Amino acid sequence: MTNSIRTRIIVGLSSLVLVTGLAAGCWGYSWAYDEAIEFQDSLLLQVGALAIRTRIPAEAPVLPGVDKDAQVVVEELSPHSGTSPGVFTVAGLPANAPDGLQTVTHGEEQWRVLVQTRPDGSRVAIGQNSDYRDEIAHGSAIRTAVPLAVLFPCLMLLVGAVIRTSFRPVSQLAVALDAKRTDHLQKLPAEGMPSELLPFIHSINRLLDRISSMFDQQRRFIADAAHELRTPITALSLQIENLERGELSTEARERIASLRDGARRSARLLEQLLTLARFESSSEAPPPATRLDHVATEIVSEALQHAALRNIDLGFDRCDPTTVHAAPAALAVLIRNLVDNAIRHTPGNGRIDLAVGREGQCAMFEICDSGPGIPEADLSRIFEPFFRGSRSVGDGTGLGLSIVQRICERLNGTVAVENVGSASEPKGLRVCVRLALAG
1 MTNSIRTRII
11 VGLSSLVLVT
21 GLAAGCWGYS
31 WAYDEAIEFQ
41 DSLLLQVGAL
51 AIRTRIPAEA
61 PVLPGVDKDA
71 QVVVEELSPH
81 SGTSPGVFTV
91 AGLPANAPDG
101 LQTVTHGEEQ
111 WRVLVQTRPD
121 GSRVAIGQNS
131 DYRDEIAHGS
141 AIRTAVPLAV
151 LFPCLMLLVG
161 AVIRTSFRPV
171 SQLAVALDAK
181 RTDHLQKLPA
191 EGMPSELLPF
201 IHSINRLLDR
211 ISSMFDQQRR
221 FIADAAHELR
231 TPITALSLQI
241 ENLERGELST
251 EARERIASLR
261 DGARRSARLL
271 EQLLTLARFE
281 SSSEAPPPAT
291 RLDHVATEIV
301 SEALQHAALR
311 NIDLGFDRCD
321 PTTVHAAPAA
331 LAVLIRNLVD
341 NAIRHTPGNG
351 RIDLAVGREG
361 QCAMFEICDS
371 GPGIPEADLS
381 RIFEPFFRGS
391 RSVGDGTGLG
401 LSIVQRICER
411 LNGTVAVENV
421 GSASEPKGLR
431 VCVRLALAG
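When we follow the numbering used here, the leftmost residue of the sequence shown carries the number 1, and every step to the right adds one.
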């Protein structure tokens, strides 16, 4: 049995209507049959009341237009005559048949017969073929069943439409839940919902409140921990710099260099955690209008020296004037993370091309590198925090793309990542960010 409530209701109602229709048809036929017998007997009694006072000749004319099965036969019975000749005779009725209503079978026919005795001792039989009675019963049963047969599919269509309309709020709730962002857990609307769904909606809303509270606690913990750790990491970096100024052996300098790299990675991680916590918090004021092309050129100019050290060709294919509604700091973090990722994963003598412009009603920022790309198995997880993939290089934290996605969500934009070339042999990675144009 399917778990669909809609299917269960339709099957249950269909079975109920079908059984009810069959029962109504059987009852209608039985009722019509009894009524037909009563009507036939009443007719025979009325004709018998006339025939007992008047002798009807055997050669009585048959009226035109009267159905054969509907004709009433009147016969005079005598001890010496078996049956009267003619087509419409009560065949096989004995002369000593008892008085009253009775059913006589002769061959393949059945007759309903009324036998009466006159005061002078003569007897008369009034009969009618039972096929007439059965025809009336069948006709009444069909007239009862046909409306039910027509009503059944119409009722099922109506029930299906009502059920589909009634369950539409459930589908709309599912769409609303799927469309929710993990950092925006608004309550589900209860207005206009069926009363049967209200307890479920209230339970979901209470669950969303608890999840939202848990997320807020997690963000505060990450932000507080990163903030508290930044001071000792900064102090440790200063001490490492002081140690490097002194006279040290080669082995000590190598160990201090490893310690310096570890402190730098820790500082980078803390900075990324603080950035992630900041952009996951709710924004209070609407963002201002900012030139996307100005922010992009500024970030690229800062990264040129780093790219030149690895002989990477970093530059713009196009850089059109483009304005978006976003805080300059948010755009700077977004572009800086994408540029840093591209430089880190692009091999020496590689190429990184950037583009800023408009695509329809959207502002577009695109960066394409000539690195090894991302394995297909990792593409679905690259926006998860701390996920570095199976080809991680350098001292990345696994938070860069996660921060990019959070910023895009805050700005009601999108970010798409795809490999350049074939899936089996990628020749680079393309990241495209689309934001709403200002104005």
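The beta-carbon is built from N, C-alpha and C at its ideal position, and this holds for glycine as well. Please read all numbers here as calculations on a predicted model, not as lab measurements.
Checklist entry - Which first and last residues belong to the beta strand (DSSP E) in which residue 126 is found? => result 123 to 129
Checklist entry - Residues bridged to residue 75 by DSSP? => result 125
Checklist entry - In angstroms, rounded to a whole number, what distance separates the CA positions of residue 53 and residue 139? => result 35 Å
Next on the checklist: Could you tell me which whole beta strand (DSSP E) segments of length 3 or greater appear in the stretch 228 to 311?
Outcome noted: 289 to 291
Checklist entry - Any idea if residue 338 is buried or exposed, counting beta-carbon neighbours within 10 angstroms, 16 or more meaning buried? => result buried
Next on the checklist: With H, G and I counted as helix, E and B as strand and the rest as coil, what does DSSP make of residue 87?
Outcome noted: Any reading at residue 87 is ruled out, since the residue's pLDDT is 37, under 50, leaving its predicted position unreliable.
Item to check | Contacts around residue 1, its chain only, beta-carbon distance under 6 Å, and the 5 residues preceding and following it disregarded | outcome: For residue 1, the predicted structure reports a pLDDT of 47, less than 50, and the residue's modelled location is therefore unreliable. A value from the coordinates is still provided. Excluding sequence neighbours, residue 1 sits near nothing in its chain.
Next on the checklist: For residue 403, count the other beta carbons within 10 Å of its own beta carbon; 16 or more makes it buried, fewer makes it exposed. Which is it?
Outcome noted: buried
Next on the checklist: Output needed for residue 114: all residues of its chain with C-beta closer than 6 Å, excluding positions within five of it in sequence on either side, in chain order.
Outcome noted: 44, 48, 101 and 126
Item to check | Option nearest residue 109 by Cα separation, candidates 133, 98 and 410 | outcome: When only C-alpha atoms are compared, the closest one is 133.
Item to check | Whole-number beta carbon distance between residue 332 and residue 299, since they are thought to touch under 8 Å | outcome: 6 Å
Checklist entry - What three-state label does DSSP hand residue 81 in the structure shown? => result Low per-residue confidence applies at residue 81: pLDDT is 45, beneath 50, and the placement is therefore not dependable, though the value from the model is reported in the following sentence. The answer is strand: DSSP assigns residue 81 an E or B state.
Next on the checklist: Helix, strand or coil for residue 326? Go by DSSP, reduced to three states.
Outcome noted: Looking at residue 326 - three-state DSSP - the assignment turns out to be coil, as it is neither helix nor strand.
Checklist entry - Nearest to residue 233 by CA position, among 4, 249, 8 and 262, is which residue? => result 262
Item to check | One or two residues paired with residue 116 in a DSSP bridge | outcome: 124
Checklist entry - Where does residue 307 land, buried or exposed, given buried means 16+ other C-beta within 10 angstroms? => result buried
Next on the checklist: Just to confirm, is the Cβ distance from residue 365 to residue 433 under 8 Å?
Outcome noted: yes
Checklist entry - Going by the beta-carbon positions, is the gap between residue 124 and residue 116 smaller than 8 Å? => result yes
Checklist entry - Helix or strand or just coil, what does DSSP make of residue 381? => result Coil at residue 381, not helix or strand.
Next on the checklist: Can you find the residues in the same chain that come closer than 8 Å, C-beta to C-beta, to residue 5, ignoring five residues on each side of it along the sequence?
Outcome noted: 167
Item to check | residue 105 in three-state terms, based on DSSP | outcome: Residue 105 falls in the strand class under three-state DSSP.
Checklist entry - Hey, how far is the Cα of residue 401 from the Cα of residue 384? => result Per the coordinates, the alpha-carbon of residue 401 lies some 8 Å from the alpha-carbon of residue 384.
Item to check | Contact belief for residue 415 with residue 373 at Cβ below 8 Å, rounded distance in angstroms | outcome: Residue 415 to residue 373, Cβ: 17 Å. No contact.
Checklist entry - Leaving out five residues before and five after residue 194 in sequence, what residues of the same chain have Cβ atoms less than 7 Å from its Cβ? => result 166 and 169
Checklist entry - What three-state label does DSSP hand residue 365 in the structure shown? => result strand
Item to check | Opening and closing residue of the alpha helix (DSSP H) in which residue 6 lies | outcome: 5 to 51
Checklist entry - Taking the beta strand (DSSP E) that residue 352 falls in, what are its first and last residues? => result 351 to 359
Next on the checklist: Bridge partners for residue 110 per DSSP, in chain order?
Outcome noted: Looking at the DSSP output, residue 110 bridges to 105.
Checklist entry - Which one or two residues does DSSP pair with residue 414 in a beta bridge? => result 434
Next on the checklist: If you measure between the beta carbons of residue 369 and residue 345, is that distance less than 8 Å?
Outcome noted: yes
Checklist entry - Cα separation between residue 362 and residue 355? => result 14 Å
Checklist entry - How many angstroms separate the CA atom of residue 81 from the CA atom of residue 51? => result With a pLDDT of only 45 at residue 81, under the threshold of 50, the placement of this residue in the model should not be trusted; the figure read from the coordinates follows. The alpha-carbon atoms of residue 81 and residue 51 are separated by roughly 19 Å.
Item to check | DSSP bridge partner residues for residue 313 (one or two, in chain order) | outcome: 351
Next on the checklist: My output table needs one value for residue 219: the three-state DSSP class, helix, strand or coil.
Outcome noted: Residue state, collapsed to three classes: helix.
Checklist entry - Of the choices 151, 30 and 96, whose alpha-carbon is the least far from that of residue 13? => result 151
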